[in-house]
Structures are given as C-alpha cells and as structure tokens.
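Chemist: Dropping the structure in here first, questions after.
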Amino acid sequence: MTDTLARPDLLLLSMILAPWVGAVLAGLLPRYARNGAAALSWVVALVGLVSAILLYPNITDGPVRHEIRWMPSLGIDFVLRLDGLSWLFSVLVLGIGALVVLYARYYMSPKDPVPRFFAYLLAFMGAMQGVVMAGNLVQLAIFWELTSLFSFLLIGYWYNNQLARDGARMALTVTAAGGLCLLIGVLLLGHIAGSYDLDVVLGAGDQIKRSPLYLPMLVFVLLGAFTKSAQFPFHFWLPRAMAAPTPVSAYLHSATMVKAGIFLMMRLWPVLAGTEEWYAIVGTAGILTLLIGAYAAIFQHDLKGLLAYSTISHLGLITLLLGLGTPLGFVAALFHTLNHATFKASLFMAAGIIDHETGTRDLRRLSGLRKAMPITATLAIVAAAAMAGVPLLNGFLSKEMFLAEAVSNPRDYDRNLLLPVLATLASTFAVLYSLRFIHQTFFGPPAQDLPSTPHEPPHWMRFPIELLVLICVVVGIIPGLTIGPFLATGVQSVLGEATPYYSLAVWHGFNLPLLMSLVALAGGTVLYVLFRRPINTNPHGGPRLFRPFDGVRIFDGVMNGLTAASERGASVFGTNRLQPQLRNIILVMLLAAVLAALPFWSGLGANGFTLTPPDPGFVVLWLLGIGCALIAAWQAKYHRLAAVVMLGGAGLASCISFVWLSAPDLATTQLLVEVVTTVLLLLGLRWLPKRQDAIHIPPSEQRRAKARRVSDLLVAIAFGAFTAAIAFRVMTMPAAPDGIGRFFLEHAYEQGGGRNVVNVLLVDFRALDTLGEISVLGLVGLTVFALLLRFRPGADSLSAPEQQRVQRASDERHETRQPGDTLQDTMLVPRVVMQWLFPVIVLFAVHLFLRGHDEPGGGFAAGIAMSIAFILQYMASGTRWVEDRLRIRPLKWVALGLGIATLTGMGSWIFGYPFLTSWFRYAELPVLGRVPLPSAILFDIGVFGLVVGSTVLVLIALAHQSLRKPRDRAPAHPPAPPLEEVV
Amino acid sequence: MTADAVLFWSLSIALVMLGLAMGIAAWRIVWGPRAQDRVLGMDTLYLNGMLLILVFNIRAGSQSYFEAALIIGLLGFAATVALAKFLMRGEVIE
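Chains A and B, in that order, are what the protein sequence lines are. Going by my numbering, the letters in the first sequence line up with residues 1 to 983, in that order. Going by my numbering, the letters in the second sequence line up with residues 1 to 94, in that order.
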C-alpha cells in the first residue's frame, strides 16, 4: 500500500481508467446479468473513490499531474491533473456514482438489458472523470463531448419509447453543439495563452483578459458551459431528458453532467471572470435561469419535471454567483454545487421510488404516501427542506451565502435593490415548489386509484437516499467540521492568494440575509396556501405566460427550418446523376490543387537544369504506352474489351518504365496490380448494359453528348497537364544536400532494420499512413461488398451470354455430349495448369513477403499475389467447385489483418514507446538460418491479410453475381449458397 | 572479340529485336482486327516485356528486377486467361 501511495500517477490513472475498463467489461456481460453488472460497477466506483481519497494528502498543497505524450507536435498531451476543485468534483462523480449504481440495481427491471445500462453509466463516469481531471484544454473538450454522447445513450436507453428517443436527440443536439462551441473557445483560449496546458493557461490571466480575442473566446466557452448546464435560453433539453431511467436523472441530470458547465466556469474563473463582459453575460444568464426555472417548477405536475426545473433554477443560482465575479461568490457557488448535488440526487431517487412503487409520477394523483412509506417520506421531506433552504440543513447555508452576496454586491450600485429582491423572489418560488412537492405527495388522504399499491422499497434501494440525507443534515449542522477543510482546499486551488475570509457557521446573528430567508419561507408558504388549487388544476402542467418562449417549440422550429433548408440546398446544388457529380468533384479538386500550388509556381523552369538525352528504347516504349492509353480512352465507350486490352498494354509500358528508372518495388507491385485490375474490369464488363444500335438518338441529344465529351476531354487534359507540371516542378527543384530521401537511405537499416528503404518506409517510418491506407482499403472492400449484395443487373445482361447459349445448344444437339462438355473440354488443360500452380503461387507470395524487408516485395505485393492464386482457382473451376472445397472467408481476413496491424502498433505502448514504434533483432531459425525479425514484420502480416481479404472480397462479390441471376437453364447444380454465408 | 564484346553485342541486338517484337505486338493490339488478335497481341507483349526486363538486367549486371520478370512469367498469364475466358464464355468466373 505504501508503494501505491508513493505513486500518485497510478492512483490518478486508476481514477480515470477504472470506469472505462469497467464499461468494456460490463458491455461483455450476458444480457440479463443484473447483479453481475451492478457489482462490477460498484467495485469500479469504489476503486475510483478509494484512489481519490488516498490522493487527498497529495493535493492539499497543489495539483498532482501525470502526463502522457499524445500529440506533442501540436502541443496536445494527455494530462491528468488533480487539484482541490477537481478532487471535489471527482468525489462527487465517483461517490454519487457508487450510490446511484446501488440504487439502479433495484430500480432497473430484470427484464431490461441491464449490463448495457451499466456499461453506458460507467463510460459516462469515465468521461466525466476525464473532464474533471483534464490538464489540457483540448482533452477537456473531447471528454466533454463524450459525456454528451453517453448522456444521449442513457436518455435513450428505453429506445422503444418515443419520448426517450426525442429527448435523447434533443439533449445530444443541444449539448454537442455546445461542445463544438467549447472546442472553438478552448482553441481560441489556447491561442491567446500560447498553450493548451491548463497550468499555463491559468497563469496567463492578464494576457487573456487584455486580448482582443477575449470576447469571442468568452462567448464560445460560455456557449459550451450554458448548453451543458441548462442555462437560459438552452435550458429546455433538461426537462425532456427526464424520459431517462431515474438513476440517470439523479446522476447525470442533477448531480454531475449538468455541473460540467459549472465546473468549466469555475475552472477558468481565475482567467475569465471579473470583467464587465463576464458579469453581463454570466450574471444575466444566471439570474434569468434562476427565476424562470423556479417559476416553471411551480407548475409542473410531473414529479421529475418539477425536480428538473428546480435543477435548472439552482444551476442558474450557481451561475449567477459565479457571474458576480467576487471571491465570496465563488465560495458560495462551489458550496452550493456540492449541497445541490446531495439533496437533488436524493430527491430524484425518492421520486424514482415513488414512481416505482405507485406506478405514477403525477402530483395530482399522488396523495398521502406518508402512511404507506413513512421512512421514504421523512427522507424526502428533509431533502426537500434542504432544497427550500430551511435552517439546519446544508441548502440553507449556501443559500444564505448567496443572499449575503446579493445584498453586498459591490459592483452594481444602480441595481443594488433589484438583485436582493429577485433573489428573495426566487427563494420564495423554491419554497413554494418544495412545499407543493412534499404536500401533494406525502400528505392528505391516501390516494385511491394508484396503478399499484405503495409500500416501502427494499432497504438497499433506500440506503443511498439515507446516506445523502444524512450528509445534508450533518453538513447543515456542523459545516466547519465536515465539509469545511475540503471546501477550503477546493477554493484555495482556484483562488490561491485571493481566497477571502468566509465563515461556515450556522448562526451569523440576525442580519439581512436571514431576514430575506425568513421572508422567502413565509412568502412561499402563504403563496402555496393561496394558489394551491389553481396550480393543481392548471391543465397544461406548465407555467402560464411562457407559451411563446417555449424553448422546445423554438428548437423544433429551428430543426425543421434547418432540415427544409438543407433539402432545398441539396435539390438546388446536388444531383443524383453520377456523371455531373464526378465532373464537379474533379473540377473542385483541380481548382483546389491549382490554388494550393500557386505560391510555388513562380520558379517553374527557373532553376538551371539539363535534360537527360532521350534513350531511343525508352522513347519507343513510351510511344507504345501513350498510344495504348489514348486508344483505350477513345475506344472505351463502344469497344470495352479492346479498351481493357489496351489498358493492359499501357500498364506494361509503365511497369517497364519503372524498371528502366530503377524502381523495382513499384515495378513488381504495379505488375501484380495490373493483373488483378484486368480480371476485375472483365468481371464488371459482364454486367454493363449492351450497346443497342436500334435506339434512335435525336440530333439535339447527339449534340449535347458531343459537347459533354469535349468538356470531359478538356477536364482530363487540364488535370493531366497540371499533374505533369507538378511533377516537372518537383523534379527540377534543386536537391537539398540533406534532403528527405537521403535521411531515409541512411536511417532505414539502422532504425528500421531493413535494407529495402521503400518497405521500411511503409511499415516503419510512415507506418501510421500505411495503417490509414489499409483501413481505407478495407472500407472500400466492405462498401463494394455491401453495394453488390443489393445489386440487380439490368434486364439485358440477365440472360446467359450468347457464347454460353451457343455452346450449350451445340452440346444438346449431339447425343453423346452432356451440356457443359464444351466448357470442360476447352478448360481441361488450363485448369490442370491453374490448379497445380496454386501452391506455387502461394509459395511465391510467401517469398515476396519474407524478403520484403531487405529486397523488393512486402506485405502488399504478397497479398496481391496471394489473391491472384485464389482468383485463378475461381476462373479455372468455377465458383461452386472452389467453394465446395475451399472457404476463403475474406471478411475474416480483413478483420484479422486490420486487427493485427493495429495491435502491433499498440504493442509498443506496453514498452512505453509511442504508437507503432518498431523493434528488430535477428533470429537463428532452423533450416532458414539467420532471419531478420523486426516487429514491423507483424505489421506487414496485417497489411498482407487485409490486402488479400479486400481484393478477394470484391472479386468474389462480383463473381457471385453470375450465380444469383435467375436460371434459365436447367438447375443441374444445387442452388448456390447465399453470399453472406460464403464470406 | 572478347567475351564482353560478345555479350554487349548480343544484348544490344536482343534489345532491338525485343523492342521490334513489342512494336509488332502493339500493332496487333491496336488494329486487331478481331478481339482474339488483340488478346494474343497482349500476351505476346507481356512475354516480350518479361524478356526485355531480363535482358535489361543482364546488361545492367543486377538482379533486383528478376522479381518483375518472375511475376510476368508466373502470373501474367492470369490476365490472358481471363480475357480468353471472357471471349469464350462471356464471363470470367462462372
């Protein structure tokens, strides 16, 4: 244990990693493992909590940091940073998380897929820990978005409920859009401060406030904070999010996630707060949210709706306190954040119990539950009293601090009457809705027509509420001895030297704030007695006066407008026709490339260079190649087969050019690709529509077609000329003495362990690029496969090709011959050759692969060679024959290849090196002798597997089209297995 | 005439003749007249290309391009077979 204590970085890591690991494990549990998932989640939360508690001695004097290099070239590292403030929030996230997990075990029905719920919940916990412990602004923004994502998944957990889906989507739209704004904000902030590191940013307060970019940066950061913390006018998503299971509402939407915006404002308070702009924006949003939330809460008939609006109002209160920009305001804000989390989470859980036991959350139907569930009633009454700010409870203390701040607001002399009045009004509303909540639910005659008979819940379901309410009471009575030191650490970590004197005592003497509190308590009670009946009979269940400002309606309007606008845009600027799409894409690409190349244009031809004298052989070769290419383009429209043949000729010319210009790797790879391409094109040709001379084309159409072809020709010429110009420019640039080529030549063997620089470049120096490229290759293969699954050939290519019909007819005319004999006879010799070549080609692929590191070859070339071996078998013997004997399963090859390549890259993490660092050594193997064994060879195996899989996937998908067409011949064979089964 | 000279001249003549052969094969590819002629022309072109690479290597005294020749020799016929099968049966893989 002392060992672990001496390693704070391990504790930090366990605080953030435990939830994520737990989420993955919970996701792997069986569908209905309710107890298993709950126990796992509980252990995870406790591990995090214990780590946090063990770390507390380390953070009282300053932040603890642990850095992992991530993108050092961009100044973005993965930094875990824990100080007083983030410690408090961490304990909030992990502690309430543990209680919610316990509660959810009993709340969730055994019929729900509960492990999925816990997996999301733990992942949310991890994301929240990531936000709280982020020591880098970009990292914070990323985890911020993750919390939005998991909030979306949790709200929509009961996805067959329309309300849950809508609420989830709305929450995601609002908070994720806010997260995007936050990202812009932190990028601006990092730009101003010169670093994304939190400690550097926190040290650059003056610089930030003086910057001309301060206001836009502030607006973007605050948009992020306000959307997350449900501040007016972005508050409307929170009540809709109440469609989530109640543990989610208690955890995300009262205690933690909605506090992320508050946390952000606190985190950046030292560098952002204190300006006029901050006061105007944050203070206004805070007070509006406080009042609107409290007013709206009064009219809710839904228990959770009332609590949701109350949460909005309390978040507004905290925001207002932060907006005041005074150190005492900050203290009150932090204190109230903690208090609100305790009483609101317990109230949500109590509401969940009521819903669970009675089957309804409608305040108008509930009544007199105090007799059926006396303990829950007592707990809820205490928690609601804390919410209303009744003395001797924690809510009272922080509300008192708020009222004191409102009275003594030193800044705003003009309005110094307004703020205390509004604060008292909001407190009155809070008393009113708390009273209504308690009175409607627990008092009065026992309710008659409830969906189920209420009784006390299982003990452990109530336990979290008991604990939280106990905290409310203890903190409310002896604040100095309980929360005091931790609050002090938290305040100290943000305010530092500016920490003001404050007192957590319960009794401050009879002063103005106490009077305001008493006015609010009395006023709320009086108002409740007076307006109880009209509120309860109000059919809308929403506040009067607010119809036109209903955020949901505005949101829906905006979304409808956006959808309509994008549809209109798509119909104006888009087209479903392939040719214009392609032409436009190519034109835009050309334009962008020309613009990008313009700055380098000036030196074209200016550098002294001498032309190499042309070699006659080379000239002849290129004339051949150019001729083939031109005629291929010319013939492509009506003589497709001729065009394919001529493409082969052009390809050969370029391969020999590579040989001529000393590029053996390119030559070998290109040759292999040529072969596969020819087969692929021929497979596709079978399904292209036939030329039909009978169709009469009107002259106007002919003219348009001609114009189109001319314009396409011009585009092609422009593109070719541009590419040639770039090549010319690059090749005539004076070679730098320590140029990039030389670097690779010198270091390939020493650092990559290979003599073939091209291959070392692919699998070692630029391995990340290669990983990206093979991922794209895999994606392309999968896309082609998926598209071909739904492919239905045109009517004219459905029937068997003419040749097959003729041969079949001739077989049928001869009595001694069976249908298909012509095929058998003609393919006899080639088939034997091709079948016997299979092992030879496999051996050749292995050869290409193994020597790849030192000589031309490598995983890519080997993969293509291997897939040619498979294609030959298909061509020789037909799909059925091959698949009866050999199941290739290309999808597995793709998955395996990509998996191996990625895992190899991640392997270097184990040894503490960055992703894809390679390692090499020679090994003495029997028979083969001394063999180089770099770790990059594993990566190359991944490349090999993916190339084989992707190529064969496309080819098989095309080949299977012949089997899927309706058979007009007699079905001599059993029907082909469906494509999905084969791959 | 020394052995080097013999080698030099024979290789040069071989290069010229292979180049000529490739030109003639290309002529077949371009002018056909039948698709079968074109396919045969391409097969010849590939074969001559393979020999050209070999001769080229011998002249340069290196081995690093033999791989390319080996690929044409071992796998180049796959394209020809595919084309031939397409002509004979109307589809490559049945």
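Every residue gets a Cβ at the ideal spot worked out from N, C-alpha and C, and that includes glycine. These numbers come from a predicted model, not from an experiment.
Do A/Leu54 and A/Val64 come within 8 angstroms of each other at the CB atom, strictly closer than that value?
Modeler: Sequence index remark: in the first sequence, residue 64 of chain A carries index 64 (1-based). Sequence index remark: in the first sequence, residue 54 of chain A carries index 54 (1-based). No; because the gap between Cβ atoms is not below 8 angstroms, this pair is not in contact.
Chemist: Using a Cβ-Cβ cutoff of less than 7 angstroms, which residues in the same chain neighbour B/Leu74 once the five nearest sequence positions on both sides are dropped?
Modeler: The count along the second sequence starts at 1 and reaches residue 74 of chain B at position 74. Correct list: empty, nothing qualifies.
Chemist: Look at the alpha carbon of A/Tyr309 and the alpha carbon of A/His235, and state the distance between them as a whole number of angstroms.
Modeler: The residue you call residue 309 of chain A lines up with position 309 of the first sequence. The residue you call residue 235 of chain A lines up with position 235 of the first sequence. In a straight line, the C-alpha of A/Tyr309 is about 9 angstroms away from that of A/His235.
Chemist: Run the CB neighbour count on A/Leu296, radius 10 Å, all protein chains shown included, and call it buried at 16 or more, exposed below.
Modeler: Here residue 296 of chain A corresponds to residue number 296 of the first sequence, with the count starting at 1. Per the sequence presented here, residue 296 of chain A reads as Ala, with Leu not at that position. A/Ala296 should be labelled buried.
Chemist: Is the CB of B/Ile13 under 8 angstroms away from at least one CB in chain A?
Modeler: Taking the second sequence and counting its residues from 1, one reaches residue 13 of chain B at position 13. So no, B/Ile13 is outside the interface.
Chemist: Out of curiosity, what's the CA-to-CA distance linking A/Asp811 and A/Arg805?
Modeler: As a working mapping, residue 811 of chain A is identified with position 811 in the first sequence. As a working mapping, residue 805 of chain A is identified with position 805 in the first sequence. Cα to Cα, A/Asp811 sits roughly 10 angstroms from A/Arg805.
Chemist: Is the Cβ-Cβ distance between A/Ala876 and A/Arg831 less than 8 angstroms?
Modeler: Start at 1 with the first residue of the first sequence, and residue 876 of chain A comes out as number 876. Start at 1 with the first residue of the first sequence, and residue 831 of chain A comes out as number 831. Yes, they are a contact pair.
Chemist: Helix, strand or coil, according to DSSP, for A/Val832 in the structure here?
Modeler: On the first sequence, position 832 is the one that residue 832 of chain A refers to. In this structure, A/Val832 counts as helix in the three-state DSSP scheme.
Chemist: Contact check, A/His336 vs A/Leu317 under 8 angstroms by CB: the rounded distance?
Modeler: Position 336 of the first sequence, counted from the first residue, corresponds to residue 336 of chain A. Position 317 of the first sequence, counted from the first residue, corresponds to residue 317 of chain A. Indeed they touch by this definition, with Cβ atoms about 7 angstroms apart.
Chemist: Quick one: list the residues of chain A neighbouring B/Gly90, beta-carbon separation under 8 angstroms, in chain order.
Modeler: Numbered from its first residue, the second sequence carries residue 90 of chain B at position 90. Residues of chain A passing the Cβ test: Arg686, Ala800, Pro801, Glu802, Gln803, Gln804.
Chemist: Ordered along the chain, which non-local residues of its own chain (more than five positions away) have a Cβ less than 7 angstroms from that of A/Leu153?
Modeler: Numbered from 1 along the first sequence, position 153 holds the residue referred to as residue 153 of chain A. Excluding sequence neighbours, A/Leu153 sits near Tyr120.
Chemist: Can you confirm whether the stretch 378–385 of chain A touches the stretch 434–444 of chain A when touching is taken to mean that 3 or more C-beta pairs between the two stretches lie within less than 8 angstroms?
Modeler: These segments touch.
Chemist: Nearest CA to the CA of A/Asp9: which residue from A/Val24, A/Val21, A/Asn58?
Modeler: One-based indexing of the first sequence puts residue 9 of chain A at position 9. When only C-alpha atoms are compared, the closest one is A/Asn58.
Chemist: Given a cut-off of 8 angstroms, decide if A/Ala260 and A/Lys304 are closer than it, judged by their beta-carbon atoms.
Modeler: Within the first sequence, numbered from 1, the residue matching residue 304 of chain A stands at position 304. Within the first sequence, numbered from 1, the residue matching residue 260 of chain A stands at position 260. Not in contact: A/Lys304 and A/Ala260 (Cβ atoms no closer than 8 angstroms).
Chemist: Once you ignore the five residues that flank A/Phe442 on each side, which residues in its own chain have a CB closer than 8 angstroms to its CB?
Modeler: Mapped onto the first sequence, residue 442 of chain A falls at position 442. Only Gly368, Leu369, Arg370, Ala377, Ala380, Ile381 meet the Cβ criterion.
Chemist: By the three-class DSSP mapping on this structure, what secondary structure does A/Trp687 have?
Modeler: Stepping through the first sequence from its first residue, residue 687 of chain A is reached at position 687. Coil.
Chemist: Between the beta-carbon of A/Gln984 and the beta-carbon of A/Leu823, is there less than 8 angstroms?
Modeler: Residue 984 of chain A is absent from the model: chain A starts at 1 and stops at 983.
Chemist: Would you check if the distance between the CB atom of A/Leu771 and the CB atom of A/Gly905 is smaller than 8 angstroms?
Modeler: Stepping through the first sequence from its first residue, residue 771 of chain A is reached at position 771. Stepping through the first sequence from its first residue, residue 905 of chain A is reached at position 905. Contact: yes.
Chemist: Taking the alpha helix (DSSP H) that B/Ile97 falls in, what are its first and last residues?
Modeler: Because chain B is modelled from 1 through 94, residue 97 of chain B falls outside the range shown and cannot be assessed.
Chemist: So who's on the other strand from A/Ala767, going by DSSP bridges?
Modeler: For this step, residue 767 of chain A is matched to residue 767 along the first sequence. In the DSSP output, where bridge partners are listed per residue, A/Ala767 has none listed.
Chemist: Assuming A/Phe838 contacts A/Val952 (C-beta within less than 8 angstroms), just tell me the rounded distance between them.
Modeler: Residue 838 of chain A sits at position 838 when you count from the first residue of the first sequence. Residue 952 of chain A sits at position 952 when you count from the first residue of the first sequence. Going by Cβ atoms, the distance from A/Phe838 to A/Val952 rounds to 14 angstroms, so no, they are not a contact pair.
Chemist: Taking just the CA atoms, how far does A/Tyr32 sit from A/Asp112?
Modeler: Numbered from its first residue, the first sequence carries residue 112 of chain A at position 112. Numbered from its first residue, the first sequence carries residue 32 of chain A at position 32. Going by the C-alpha atoms only, they are around 7 angstroms apart.
Chemist: Mind reading off the beta-carbon distance from A/Gln38 to A/Val132? Whole number of angstroms is fine, and I expect it under 8 angstroms.
Modeler: For this step, residue 38 of chain A is matched to residue 38 along the first sequence. For this step, residue 132 of chain A is matched to residue 132 along the first sequence. According to the sequence displayed, residue 38 of chain A carries Ala and not Gln. Contact flag wrong, Cβ pair sits at about 24 angstroms.
Chemist: Would you call A/Arg704 buried or exposed, if buried means 16 or more other Cβ atoms sit within 10 Å of its Cβ?
Modeler: Looking up residue 704 of chain A in the first sequence gives position 704. A/Arg704 should be labelled exposed.
Chemist: Alpha carbon to alpha carbon, how far is A/Ser700 from A/Ala171?
Modeler: For the purposes of this step, residue 700 of chain A is taken as the residue at position 700 of the first sequence. For the purposes of this step, residue 171 of chain A is taken as the residue at position 171 of the first sequence. Taking the straight line joining both Cα atoms gives about 55 angstroms.
Chemist: Nearest by alpha-carbon distance to A/Leu12: which of A/Phe78, A/Ser346, A/Ala795 is it?
Modeler: Here residue 12 of chain A is taken as the residue at index 12 of the first sequence, counted from 1. Cα-wise, what sits closest to A/Leu12 is A/Phe78.
Chemist: On the CB-based measure, 16 or more other CB atoms within 10 Å of its CB, does B/Ile93 come out buried or exposed?
Modeler: Position 93 of the second sequence, counted from the first residue, corresponds to residue 93 of chain B. Burial call: buried.
Chemist: Would you mind sorting A/Asp197 into buried or exposed? The rule is 16 or more other CB atoms within 10 Å of its CB.
Modeler: By 1-based counting over the first sequence, the position of residue 197 of chain A is 197. The residue in question, A/Asp197, is buried, as its Cβ has 16 or more Cβ neighbours within 10 Å.
Chemist: State buried or exposed for A/Phe728, treating a residue as buried only when at least 16 other CB atoms are found within 10 Å of its CB.
Modeler: Stepping through the first sequence from its first residue, residue 728 of chain A is reached at position 728. A/Phe728 is exposed by the Cβ-count criterion.
Chemist: Among A/Leu683, A/Ser148, A/Gly167, whose alpha-carbon lies nearest the alpha-carbon of A/Gly156?
Modeler: Mapped onto the first sequence, residue 156 of chain A falls at position 156. The residue with the shortest Cα to Cα distance from A/Gly156 is A/Gly167.
Chemist: Between which two residues does the beta strand (DSSP E) carrying A/Glu67 extend?
Modeler: Along the first sequence, read from residue 1 onward, the residue named residue 67 of chain A stands at position 67. From DSSP, the beta strand (DSSP E) with A/Glu67 extends over 64–71.
Chemist: Taking only runs of the beta strand (DSSP E) that begin and end inside the stretch 476–527 of chain A, which ones reach a length of at least 3 residues, in chain order?
Modeler: The qualifying runs do not exist here; there are none.
Chemist: Are the beta-carbon atoms belonging to A/Leu94 and A/Ala52 less than 8 angstroms from one another?
Modeler: Here residue 94 of chain A is taken as the residue at index 94 of the first sequence, counted from 1. Here residue 52 of chain A is taken as the residue at index 52 of the first sequence, counted from 1. Taking 8 angstroms as the Cβ cut-off, A/Leu94 and A/Ala52 qualify as a contacting pair.
Chemist: Going by alpha carbons, who is nearest to A/Arg105 out of A/Met373, A/Ala273, A/Phe463, A/Gly203?
Modeler: Taking the first residue of the first sequence as 1, we reach residue 105 of chain A at position 105. Among A/Met373, A/Ala273, A/Phe463, A/Gly203, the Cα nearest to that of A/Arg105 is on A/Phe463.
Chemist: Give me the residue from A/Phe150, A/Thr612, A/Trp237 with the minimum Cα distance to A/Met731.
Modeler: As a working note, residue 731 of chain A is residue 731 in the first sequence. Nearest C-alpha to A/Met731: A/Thr612.
Chemist: Closer than 7 angstroms by beta-carbon distance: list the chain B residues that pair up with A/Phe844, in chain order.
Modeler: Counting from 1 along the first sequence, the entry for residue 844 of chain A is found at position 844. The answer, in chain order, is Leu74.
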